[in-house]
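Colleague: Numbering that gives the first Met the number 0 numbers the first residue of the sequence shown as 0 and each following residue consecutively. C-beta: ideal position from N, C-alpha, C; glycine also. Bear in mind that the values here come from a model prediction, so they are computed numbers and not experimental data. My questions all concern the structure below.
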Amino acid sequence: MFTMKPGFLDEFHPSVYRRFHDDDGGLQWIIEDMDFDDFNSFIDHDKTEWVPWKKGVHF
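Here is the structure:
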């Protein structure tokens, strides 16, 4: 699960960037290639827990 730094939702507002995942149940952020570095700069790595995700597996 990503923990994002303050200001993330101002820069990447859900109404513009968040969509339902192609598979059932999840949400995804649709980010242009040119915005990857900016998006990644908002990840708070000290508070982020990386968990595997597979269709049908819920944590």
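1. For F38, report the span of its alpha helix (DSSP H) as first-last.
2. What's the C-alpha gap between R17 and D45?
3. How big is the Cα-Cα spacing for D34 and E48?
4. Would you list the one or two residues that DSSP bridges to V28?
Modeller: So, from the listed chains and residues:
1. F35 to S40
2. 23 Å
3. 22 Å
4. Contrary to the premise, residue 28 reads as Trp rather than Val in this sequence. Paired residues: R17.
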